[in-house]
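Residues in the sequence shown are numbered from 704 upward in steps of one, following our numbering. For reference, the structure discussed in these notes is given below.
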Amino acid sequence: MNIDDYKKKVRNAAIHRTGEPLYNGSLDHAAILAEAIFEHAHEKVGIFSGSLNAHVYGKTEVLENTRLFLADPSHKVKVILENPNNIDANDHPFVSLFGDNDDVEFRKLPDEISNKVNYHFVVMDEDSYRFEANKAEPSAIAAFW
């Protein structure tokens with residue numbers, strides 16, 4: 704499936720929230736899913752990531768949808784990072800734009816826990832998700848409910 708067809712499929716799934724499983728096989732797919740998550744979230748987005756891969760969270764569309772999502776002061780983003788020291792806050796697009804936003808919270812996962820988990824995820828409104836079973840690979844499964 705080409706990238707434009709994948710984007711249409713994700714957008715349709717996010718709009719209709721049917722729960723259809725979506726395969727994510729690349730960083731480009733992950734960025735499309737992140738874009739849709741911020742576009743269609745109603746209240747909150749939670750991210751558990753190594754260091755917010757800029758290829759995903761630095762994409763113009765993701766940044767714009769995040770900005771629009773956060774325009775509503777009731778909307779919240781919570782981020783747990785395993786490796787925040789790998790992020791240059793002045794250079795990382797997501798962190799430099801939203802790091803000082805009162806509606807975005809960043810926390811570090813303690814190293815002793817980080818060593819025990821092998822996954823990453825994004826949740827949206829407690830009902831939709833992107834789950835990466837192996838944090839060393841970009842492949843994941845996602846669904847919008």
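Glycine residues also receive a C-beta, built at the ideal position from the N, C-alpha and C atoms. Note that this is a predicted model, so its numbers are computed, not measured.
{"Asked": "Following the continuous beta strand (DSSP E) through Glu835, name the residue where it begins and the one where it ends.", "Found": "831-835"}
{"Asked": "Which of the three DSSP states, helix, strand or coil, is assigned to Arg720?", "Found": "coil"}
{"Asked": "Suppose the cutoff is 6 Å on Cβ atoms and the five residues either side in sequence are ignored; what does the same chain contact list for Gly722 look like?", "Found": "Ala846, Trp848"}
{"Asked": "Sort out for me which residues DSSP pairs Asn727 with in a bridge.", "Found": "Ala843"}
{"Asked": "For His778, which three-state DSSP category applies?", "Found": "coil"}
{"Asked": "Does DSSP put Val713 in a helix, in a strand, or in coil?", "Found": "helix"}
{"Asked": "Does Ile740 come out as helix, strand or coil in the three-state DSSP assignment?", "Found": "helix"}
{"Asked": "Do Ile718 and His745 have their C-beta atoms closer together than 8 Å?", "Found": "no"}
{"Asked": "Under a Cβ-count criterion, where at least 16 other Cβ atoms within 10 Å of its own Cβ denotes burial, should Asn768 be classed as buried or exposed?", "Found": "buried"}
{"Asked": "Would DSSP call His745 helix, strand or coil?", "Found": "coil"}
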